[in-house]
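Trainee: Residue numbers (the numbering used here): 2 to 309. The C-beta atom is built at its ideal place from N, Cα and C for all residues, glycine as well.
Here's what the structure looks like:
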């Protein structure tokens, strides 16, 4: 899976420092590379996703990315800090971004805890007497990048297909779930002793997607954040920071990400509360304080029994 490491050069600005596979730079057009590099212009660190609109050969397509901006302590940098960003080009139509966040977090944590890893960014400008050490750290960085690329390249495909007529579907109002699928989701739920199943149904292009998510709550809140037509990475990062800051109070069950509508953008998430409902009001108030937010809507979804 394609990954890139962008480094903030104090003289040249953001530049692609490493990429896997090595042919990736030749495969992406200059406009897309510049857009990816521009993500590092923000000063906010942490995980975020971004989708680029690509116009290649007069055809329109999307390029999804999962990214993590991070700082490394440095004895050689101005301000004693190196700024970098790891980016993954996401191939799935419906990505599991939680998986990407988890793996990128591990990658960044390992780099941060590697002694003098900042020297890896000086492969072409090593100070006198430091060339051997710089090459050593650069090799470590390349190995970690390659390992991350291999991790993301391992994908397990587990799908089940069924064919219905719309006539039958209209009459029964039910889509059957195979026993093997039920068994699989029960196995997933049993790992963390989750007793309930949350269902999300959403339209995507010319199809409708259904997600079954094990949960350990009887109530879920649907949080809809509406902001002005100009969507910025900073807004998304600040919403994510608010939710992360209160992760001991809430669990993020599902997010559909950003939806671009006429004259506005919408961010939607489903949350479960670990404590009192008043804490949700506090979180909503903090999100309201983010510049660009114009409205927040909250809907309560409660546990339902089977209707016979």
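(1) Could you pull the start and end residues of the alpha helix (DSSP H) that residue 111 belongs to?
(2) Could you tell me the boundaries of the alpha helix (DSSP H) in which residue 75 lies?
(3) Based on the DSSP output, what are the partners of residue 296 in its beta bridges?
(4) Mind checking which residues open and close the alpha helix (DSSP H) that includes residue 210?
(5) Taking one C-beta from the region 67-87 and one from the region 266-273 each time, how about it: are there three or more such pairs within less than 8 angstroms?
(6) Distance, Cα to Cα, residue 74 vs residue 241?
(7) Would you mind stating whether residue 120 and residue 139 have Cβ atoms separated by less than 9 angstroms?
(8) In whole angstroms, what is the alpha-carbon distance linking residue 33 and residue 53?
(9) My guess is that residue 101 and residue 109 are in contact by the Cβ rule of under 8 angstroms, so how many angstroms apart are they, rounded?
(10) Go ahead and pull the three-state DSSP assignment for residue 43.
(11) Would DSSP call residue 251 helix, strand or coil?
(12) If you follow the beta strand (DSSP E) that residue 9 is part of, which residue opens it and which one closes it?
(13) In whole angstroms, what separates the C-alpha of residue 222 from that of residue 28?
(14) Can you give the Cα-Cα distance for residue 104 and residue 305, rounded to whole angstroms?
(15) Where does residue 182 fall in DSSP's three states?
(16) Apart from the five residues just before and just after residue 22, which ones in its own chain have a Cβ nearer than 8 angstroms to its Cβ?
(17) Return the residue from the list 141, 136 and 213 that minimises the CA-CA distance to residue 114.
(18) According to DSSP, residue 18 sits in a beta bridge with which residue or residues?
(19) For residue 9, count neighbouring C-beta atoms within 10 Å of its own C-beta (all shown protein chains included) and say buried if the count is 16 or more, exposed if not.
(20) Return the residue from the list 283, 160, 171 and 245 that minimises the CA-CA distance to residue 353.
(21) How many angstroms separate the CA atom of residue 64 from the CA atom of residue 265?
(22) Count the other CB atoms, across all protein chains shown, that sit within 10 Å of the CB of residue 67; report buried if there are 16 or more and exposed otherwise.
(23) Rounded to the nearest angstrom, what separates residue 87 and residue 198 at their Cα positions?
(24) With residue 273 as the anchor, note down where its beta strand (DSSP E) starts and where it stops.
(25) Could you please give the first and the last residue of the uninterrupted alpha helix (DSSP H) stretch that includes residue 119?
(26) Just to confirm, are residue 289 and residue 225 a CB contact at a threshold of 9 angstroms?
Mentor: Straight from the coordinates:
(1) Taking the first residue of the chain shown as position 1, residue 111 is located at position 110. Unbroken alpha helix (DSSP H) run through residue 111: 98-113.
(2) The sequence position of residue 75 within the chain shown is 74, counting from 1. From DSSP, residue 75 is part of no alpha helix (DSSP H); its letter is neither H nor E.
(3) On the chain shown, residue 296 is found 295 positions in, with the first residue counted as 1. According to DSSP, which records beta bridges pairwise, residue 296 is partnered with 227.
(4) By 1-based counting over the chain shown, the position of residue 210 is 209. Here residue 210 belongs to no alpha helix (DSSP H); instead the beta strand (DSSP E) covers 208-216.
(5) no
(6) Position 73 of the chain shown, counted from the start, is the residue given in the question as residue 74. Position 240 of the chain shown, counted from the start, is the residue given in the question as residue 241. So the alpha carbons of these two residues sit roughly 24 angstroms apart.
(7) Looking up residue 120 in the chain shown gives position 119. Looking up residue 139 in the chain shown gives position 138. Taking 9 angstroms as the Cβ cut-off, residue 120 and residue 139 qualify as a contacting pair.
(8) Residue 33 sits at position 32 when you count from the first residue of the chain shown. Residue 53 sits at position 52 when you count from the first residue of the chain shown. Cα to Cα, residue 33 sits roughly 8 angstroms from residue 53.
(9) In the chain shown, residue 101 corresponds to position 100, counting from 1. In the chain shown, residue 109 corresponds to position 108, counting from 1. Not quite, the Cβ-Cβ distance comes to about 12 angstroms (not below 8 angstroms), so this is no contact.
(10) Residue mapping note: residue 43 aligns to position 42 of the chain shown, counting from 1. Coil.
(11) Locating residue 251 in the chain shown gives position 250, counting from the first residue. Strand.
(12) What you label residue 9 is simply residue 8 of the chain shown in a count that begins at 1. 4-10 is the extent of the beta strand (DSSP E) around residue 9.
(13) Along the chain shown, one-based indexing puts residue 222 at 221. Along the chain shown, one-based indexing puts residue 28 at 27. Distance between the alpha carbons of residue 222 and residue 28: 42 angstroms.
(14) Taking the chain shown and counting its residues from 1, one reaches residue 104 at position 103. Taking the chain shown and counting its residues from 1, one reaches residue 305 at position 304. Roughly 35 angstroms separates the two Cα atoms.
(15) Your numbering for residue 182 matches position 181 in the chain shown. Three-state DSSP puts residue 182 in a helix.
(16) As a first step, residue 22 must be located in the chain shown, where it is residue number 21. Hits under 8 angstroms: 3 and 150.
(17) The residue labelled residue 114 in the question sits at position 113 within the chain shown. When each option's Cα is compared against that of residue 114, the closest is 141.
(18) Here residue 18 refers to the residue found at position 17 of the chain shown. Per DSSP, none; premise fails for residue 18.
(19) The residue labelled residue 9 in the question sits at position 8 within the chain shown. It is buried - the Cβ of residue 9 has at least 16 other Cβ atoms within 10 Å.
(20) Because the chain is modelled from 2 through 309, residue 353 falls outside the range shown and cannot be assessed.
(21) Translated into positions along the chain shown, residue 64 becomes position 63. Translated into positions along the chain shown, residue 265 becomes position 264. Approximately 21 angstroms, taken between the alpha carbons.
(22) Here residue 67 corresponds to residue number 66 of the chain shown, with the count starting at 1. Burial call: buried.
(23) Sequence index remark: in the chain shown, residue 87 carries index 86 (1-based). Sequence index remark: in the chain shown, residue 198 carries index 197 (1-based). Residue 87 and residue 198: Cα-Cα distance of roughly 34 angstroms.
(24) As a working note, residue 273 is residue 272 in the chain shown. Looking at the DSSP string, the run of the beta strand (DSSP E) that includes residue 273 is 265-274.
(25) Taking the first residue of the chain shown as position 1, residue 119 is located at position 118. That residue, residue 119, is in no alpha helix (DSSP H); it is neither H nor E in DSSP.
(26) On the chain shown, residue 289 is found 288 positions in, with the first residue counted as 1. On the chain shown, residue 225 is found 224 positions in, with the first residue counted as 1. Contact: no.
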